[in-house]
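Number of protein chains: 4
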Amino acid sequence: MLSFENDYSAGAHPEVLKHLQETNMEILSGYGTDTYTDSAKEKIKKFFNCPEGDVYFITGGTQTNQLIISTMLENYEGVVAATTGHVSGHEAGAIEYTGHKVLTVPGHAGKMDAGELKVFLQDFYADGNHEHMVFPGMVYISFPTEYGTIYSKKELEDIYAVCREFDMPLFIDGARLGYGLVSSACDIKPEDLPKLCDVFYAGGTKVGALCGEAVVFTHNNAPGHFVTQIKQHGALLAKGRLNSVQFDALFTDNLYLKISQNAIDLAEELKKIFAERGYKFFLDSPTNQQFFIMENSKLEELKDKVKYGFWEKYDETHTVVRFATAWYTKKEDLEELKKYI
Amino acid sequence: MLSFENDYSAGAHPEVLKHLQETNMEILSGYGTDTYTDSAKEKIKKFFNCPEGDVYFITGGTQTNQLIISTMLENYEGVVAATTGHVSGHEAGAIEYTGHKVLTVPGHAGKMDAGELKVFLQDFYADGNHEHMVFPGMVYISFPTEYGTIYSKKELEDIYAVCREFDMPLFIDGARLGYGLVSSACDIKPEDLPKLCDVFYAGGTKVGALCGEAVVFTHNNAPGHFVTQIKQHGALLAKGRLNSVQFDALFTDNLYLKISQNAIDLAEELKKIFAERGYKFFLDSPTNQQFFIMENSKLEELKDKVKYGFWEKYDETHTVVRFATAWYTKKEDLEELKKYI
Amino acid sequence: MLSFENDYSAGAHPEVLKHLQETNMEILSGYGTDTYTDSAKEKIKKFFNCPEGDVYFITGGTQTNQLIISTMLENYEGVVAATTGHVSGHEAGAIEYTGHKVLTVPGHAGKMDAGELKVFLQDFYADGNHEHMVFPGMVYISFPTEYGTIYSKKELEDIYAVCREFDMPLFIDGARLGYGLVSSACDIKPEDLPKLCDVFYAGGTKVGALCGEAVVFTHNNAPGHFVTQIKQHGALLAKGRLNSVQFDALFTDNLYLKISQNAIDLAEELKKIFAERGYKFFLDSPTNQQFFIMENSKLEELKDKVKYGFWEKYDETHTVVRFATAWYTKKEDLEELKKYI
Amino acid sequence: MLSFENDYSAGAHPEVLKHLQETNMEILSGYGTDTYTDSAKEKIKKFFNCPEGDVYFITGGTQTNQLIISTMLENYEGVVAATTGHVSGHEAGAIEYTGHKVLTVPGHAGKMDAGELKVFLQDFYADGNHEHMVFPGMVYISFPTEYGTIYSKKELEDIYAVCREFDMPLFIDGARLGYGLVSSACDIKPEDLPKLCDVFYAGGTKVGALCGEAVVFTHNNAPGHFVTQIKQHGALLAKGRLNSVQFDALFTDNLYLKISQNAIDLAEELKKIFAERGYKFFLDSPTNQQFFIMENSKLEELKDKVKYGFWEKYDETHTVVRFATAWYTKKEDLEELKKYI
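Protein chains in written order, with the numbering used here: chain A, 39 to 379; chain B, 39 to 379; chain C, 39 to 379; chain D, 39 to 379.
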């Protein structure tokens with residue numbers, strides 16, 4: 039069966055797995071003190087031109103979001119996200135579990151607007167009762183967003199300017215960062231990113247690794263005793279090599295972007311196929327996640343041939359579905375898909 | 039350099055890595071709904087003869103301890119452990135982070151005594167002020183313990199009887215379970231374990247896997263909506279296959295015990311070597327962790343040849359050190375060690 | 039200066055204070071085991087005709103909401119409230135601090151709609167991803183609401199029916215319960231309340247006491263070891279008498295309703311005054327909180343003569359303000375007010 | 039029946055109650071913004087000669103301990119207390135509920151030793167694994183202690199010197215502060231206290247008030263947005279006047295110390311009575327709590343005549359009991375007691 043269900047259905051990219059294998063029997067020290075951790079950190083700092091970055095490897099996305107948000111916020115603060123932000127609705131309350139509220143501003147095709155963010159913050163401080171409310175303590179966005187859309191450099195600069203005006207760190211969830219950076223619609227270069235936020239991560243789970251997210255605090259601003267805090271959250275691996283060896287491979291010879299490019303090329307192809315056949319796009323996404331409005335009868339027909347993601351009900355007879363490409367999607371998959379839709 | 043520092047310094051057992059590799063490009067569904075999860079669960083239930091077991095795969099040990107304890111306790115309860123128990127001192131407060139106190143009873147070479155546990159519980163309920171104190175809500179032990187020692191079947195039965203008398207679940211941390219089960223001093227069979235506790239786990243990280251712990255709730259007693267709770271803790275992997283494929287290999291053809299046997303055989307050899315040379319044993323351990331009292335001058339000498347674990351200061355001129363064997367320790371390592379000590 | 043700012047600006051009703059005084063030097067046991075606690079509990083159970091009620095006295099409203107919600111929810115559950123619900127925006131994150139999310143449904147003049155609640159719950163369970171989301175675990179409403187409005191008996195029955203259908207407890211925040219019960223628009227009698235929810239409280243802080251809220255779990259359904267949980271939240275008073283003596287007075291000779299009546303009578307008078315002068319009502323409230331849309335220039339004029347509550351900006355030249363009456367409001371206050379508006 | 043059970047069995051001191059009564063119908067603003075809060079703060083700052091103090095009024099002791107500890111610690115830190123410290127065993131896990139561990143050093147008649155504290159801290163930082171452990175983040179002591187003992191000025195200076203050396207705040211729980219300060223064994227003056235710690239509180243609940251503890255952060259070091267954090271903990275009273283009016287009375291005309299003196303004078307008398315009759319003292323306490331070792335048969339005899347506090351079993355035939363005097367104890371009570379013992 040064809041699968042466009044998501045971007046985490048295969049294992050690791052062969053080069054990543056090979057590196058795990060070649061280093062497998064080496065005796066390495068634990069808890070992130072191995073040589074591959076050092077090496078991968080250096081490669082990542084170089085890739086993003088971020089010599090003052092503090093880099094850490096965390097195993098999963100929810101975990102990374104929970105860790106960064108809960109360790110950067112003060113007790114009385116919440117994180118501001120778009121209503122459609124991943125941390126708002128789809129993390130099983132992992133943020134609230136650490137004692138912090140997710141505050142929301144409107145989402146526009148998944149994106150937050152700098153002007154609306156500013157109004158939200160101004161209104162908060164203008165409210166005479168704000169001492170009785172949760173303080174906005176940081177801003178969370180994702181790049182690409184839940185809807186595959188991306189911010190322009192100007193949009194990020196504007197959001198970051200608002201954050202600095204209100205003395206709040208900006209956090210960019212880059213679970214699918216590679217797919218954003220190589221999009222032809224993207225005017226942000228890897229080396230721009232550290233100048234546009236206080237912390238971001240380059241996701242591995244969805245871009246070539248079995249697991250792992252590489253967190254970069256952009257200006258030596260990692261929370262105090264961060265290793266202890268990782269452990270306190272149950273997130274410190276004894277075999278830190280599992281994450282570091284994979285990132286060491288992903289950031290060698292530009293592998294991270296190369297394999298992302300495959301997903302984007304095929305996503306463009308996918309868009310063409312759907313457009314030619316007259317399908318309606320739910321929104322315009324320039325990355326590896328595409329959202330179409332399809333007839334329920336058609337979906338019923340596809341059921342045994344293609345896996346796709348259910349997104350939401352559109353109307354009585356139509357549904358919004360997600361088709362995702364990934365580093366492992368093959369041109370042949372698209373050829374076969376043409377037969378069915 | 040020789041390494042007896044711990045039992046998590048190599049990667050995965052070759053058979054485990056091979057299984058990861060062979061399945062790598064298969065398209066599998068996420069979050070623990072893949073076919074290898076089903077297969078590994080069945081093998082584990084069979085291995086422990088536990089048809090009513092609920093099996094889950096969690097990525098690391100601290101995370102597993104945190105999850106099990108926080109999801110099985112009521113808000114007003116704490117977990118009872120030996121003073122030397124891992125969750126008491128060496129988890130960076132991961133248990134307290136979830137709002138629960140670790141209550142302690144004395145440790146004897148790492149073990150809790152059923153009689154002392156009973157007195158502790160009786161005293162608690164006899165105290166007229168106990169409504170102002172943390173209720174003991176479950177008992178945590180590890181097998182083997184922090185000191186490599188193991189409980190006899192009789193000792194476990196006695197502890198479990200006390201737990202049942204006070205209506206508290208018993209949780210056995212089996213991060214090194216394999217090394218305990220194959221010890222010649224062990225009178226517990228795999229199929230005994232589910233009858234001796236309410237939840238236990240078979241550790242992978244220290245016994246042949248890159249990561250992963252297999253949790254077994256022994257009588258369909260997994261906490262409600264456990265998958266959601268795993269996610270809420272940031273512990274749900276998108277690629278659940280990472281854990282399940284490894285456990286699928288470890289529980290095929292008895293691999294889990296076979297590779298544990300290597301560690302135990304060589305630990306016996308190690309003990310002989312130290313005994314013959316007149317070194318003093320800190321305590322008598324029948325598993326893969328051995329504790330010796332060594333002269334500081336001797337340790338200084340070894341520094342560049344052998345890695346070992348510092349345990350604690352013994353007196354002004356002696357130190358307690360840990361030498362651990364593992365599934366990956368080689369006979370040649372011991373031969374070489376002989377030259378130095 | 040005249041004060042219509044809120045309903046907690048005076049101390050205790052004289053009868054309440056007198057009871058504190060008369061009992062002041064009695065030697066009473068602590069932590070809620072005194073005789074006045076017993077007496078007040080009995081009076082409350084009788085007042086609400088709730089022989090199977092478990093009654094507890096808690097010192098403040100936020101504390102009560104935090105305690106009830108966090109002790110009745112499972113770890114993986116959140117509380118459902120109207121977007122305008124007090125726990126949603128104005129408790130400084132006290133609910134999230136305990137690890138739980140506040141889920142929201144639309145508010146209509148402060149009220150939740152049973153039909154919309156049902157759709158919200160149906161949609162949740164219909165969503166294939168709901169295991170990755172916070173489970174709705176209880177419903178929170180207030181009576182009267184933040185806007186002074188009240189539910190009809192039919193509306194409460196409908197909401198409670200939805201709750202029971204989805205096996206969720208219904209919690210009614212009655213911080214201003216007295217003012218609701220005596221409203222001429224109210225068709226709910228005190229003895230109806232226990233049949234319409236699983237837990238509610240009769241507020242003292244805003245209805246005649248210096249502090250204190252009387253919580254009633256309506257069918258012997260208090261959370262386990264609730265006294266211990268109160269203490270764990272830092273909410274157990276050594277001198278439990280402070281709360282119990284006050285409630286003992288409030289529920290003697292129907293004092294609770296009598297003093298509420300004063301607020302409602304004067305609120306009716308207040309409405310007449312504003313209506314006669316042509317002021318615009320923001321909404322129609324039948325209780326002690328009234329919301330008017332007033333010109334900013336007029337408010338500027340009033341500033342030194344009358345205290346009122348700022349609610350929200352209406353447009354560039356108008357503001358929504360709240361005028362509250364209370365048990366201590368005097369007829370003369372209204373006479374004086376007439377001069378200014 | 040005579041009562042020496044504890045020091046919180048009567049209501050408020052008549053002067054305190056009188057002040058509540060005289061101010062009862064004044065219209066005051068809420069949440070600690072009333073004029074009596076200002077007045078009481080000034081009186082307290084003057085009493086302790088602490089012009090740079092930040093003063094807050096909290097309703098109860100457990101709540102105060104929970105608030106101060108959880109808002110002053112970083113996420114990864116725990117509080118260091120004596121094993122017998124109140125926060126260690128008798129707060130129902132209120133500290134752990136906020137995510138923090140209570141670390142313990144030995145208690146000597148309730149007191150911590152500066153030298154042992156220093157060794158504990160040195161050992162922590164010397165441990166190569168301390169990044170895997172809970173960091174000691176502040177020190178908690180009480181004055182007087184759980185056993186009625188008090189620290190000398192020199193002892194406090196030594197403890198505070200250790201705290202400063204390790205950059206940790208020192209917190210003094212003064213639930214019974216008045217009874218300590220007036221003890222003839224006390225060489226600490228009120229004005230010394232702010233120089234000996236970073237935060238302390240003067241307890242009201244046990245020294246003349248119905249409720250309330252006055253917290254003093256000694257050098258403008260209150261945690262950020264402390265009012266919001268108080269609310270987040272459910273500890274912010276709408277009628278802040280309840281606490282502030284009481285403290286306004288207690289710190290007028292030295293009432294706080296005067297009423298404490300009564301308890302200490304009668305405690306000295308009590309000691310004489312027991313000593314003359316040959317009873318054995320469990321330890322030597324210079325304050326209002328006295329601990330005797332009494333025969334069980336004697337206690338049985340007293341049961342219907344005198345209330346005392348059960349402390350702990352001493353041996354098969356003896357029990358340690360606590361007799362407490364308080365501001366409300368009368369000379370006649372002691373005369374009557376003489377008849378029974």
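In this text, a Cβ means the ideal position worked out from N, Cα and C, and glycines have one as well. All figures in this text were calculated on a predicted structure; none of them were measured in a lab.
Within chain C, the residues whose beta carbon sits less than 7 Å from that of threonine 100 of chain D are Lys269, Gly272 and Leu274, listed in sequence order. For the region 330-358 of chain B, the set of positions with a beta-carbon nearer than 8 Å to some beta-carbon of chain D reads Phe348 in chain order.
Residue environment for serine 222 of chain C: exposed (fewer than 16 other C-beta atoms within 10 angstroms of its C-beta). In this structure, DSSP gives histidine 57 of chain A a helical state, which the three-state scheme calls helix. Residue-level contact by beta carbon fails for leucine 288 of chain C and chain D, as no gap is shorter than 8 Å.
Within the region 161-178 of chain C, the residues whose Cβ lies closer than 9 Å to some Cβ of chain B are His168, Glu169, His170, Met171, Val172 and Phe173, listed in chain order. Under the three-state reduction of DSSP, leucine 40 of chain A is assigned to strand. Collapsing the DSSP output to three states places leucine 105 of chain C in a helix. Here glycine 216 of chain B carries a helix assignment [DSSP, helix/strand/coil].
As a beta-bridge residue in DSSP terms, phenylalanine 329 of chain D pairs with D:Arg360.
A straight-line Cα-Cα distance of about 16 Å links aspartate 230 of chain C and tyrosine 217 of chain C.
For glycine 49 of chain C, at least one C-beta of chain D is nearer than 8 Å to its own C-beta. Among the residues facing chain D, lysine 139 of chain B is included, as its CB has a counterpart in that chain under 8 Å away. By the C-beta criterion, the region 287-297 of chain D is judged to be in contact with the region 234-250 of chain D, since at least 3 inter-stretch pairs fall below 8 Å. At a cut-off of 8 Å, the C-beta of glutamate 129 of chain A has a neighbouring C-beta in chain B. Looking at the backbone, the Cα of glutamate 251 of chain C and that of alanine 240 of chain C are separated by about 6 Å. Counting along the chain, leucine 208 of chain B sits inside the beta strand (DSSP E) bounded by residues 208-211. Taking histidine 356 of chain B as the centre and dropping the five residues before and after it, the same chain places the C-beta of Ile331, Met332, Glu333 and Asn334 closer than 7 Å to its C-beta, in chain order. In the DSSP secondary-structure assignment, leucine 141 of chain A is bridged to A:Val118. For phenylalanine 255 of chain A, DSSP records a beta bridge to A:Asp92 and A:Val237. Contact note: glutamate 251 of chain C does not reach chain A at a C-beta cutoff of 7 Å; the least C-beta distance is about 17 Å.
Shown in chain order are the members of the region 63-79 of chain C whose Cβ falls below 8 Å from a Cβ of chain D: Met63, Glu64, Ile65, Leu66, Ser67 and Gly68. In the DSSP assignment, glutamate 350 of chain A falls within the unbroken beta strand (DSSP E) covering 347-353. For the region 180-194 of chain D, the beta-carbon criterion of a distance under 8 Å to any beta-carbon of chain A is satisfied by none of its residues.
Taking the C-beta atoms as reference points, glutamate 115 of chain B is found no nearer than 8 Å to proline 182 of chain B.
Taking 8 Å as the upper bound for CB-CB distance, isoleucine 210 of chain A and serine 190 of chain A are not in contact here, some 14 Å apart. Think of a sphere of 8 Å around the beta carbon of glutamine 59 of chain A: the chain B residues whose beta carbon falls inside it are Leu55 and Gln59, in chain order. Cβ contact annotation for tyrosine 366 of chain B (same chain, cutoff 7 Å, sequence separation greater than five): Ala48, in chain order. The continuous alpha helix (DSSP H) containing phenylalanine 85 of chain A extends over residues 73-85.
For the region 255-266 of chain A, the set of residues with a beta-carbon nearer than 7 Å to any beta-carbon of chain D comprises Gly262, His263, Val265 and Thr266, in chain order. Valine 172 of chain A sits in coil when the DSSP states are folded into three classes, being neither helix nor strand. Look at the region 115-126 of chain B: the residues with a C-beta under 9 Å from a C-beta of chain D are Glu115 and Gly116. One Cα belongs to aspartate 371 of chain A, the other to lysine 318 of chain A, and the distance between them is close to 21 Å.
Contact fails between the region 121-128 of chain D and the region 152-165 of chain D, because fewer than three Cβ pairs, one in each stretch, are under 8 Å apart.
The beta carbon of asparagine 258 of chain A sits closer than 7 Å to those of Glu90 and Asp92, all from its chain and outside the five residues before and after it, given in chain order. Of all residues in the region 362-373 of chain B, none places a beta-carbon less than 7 Å from a beta-carbon of chain D.
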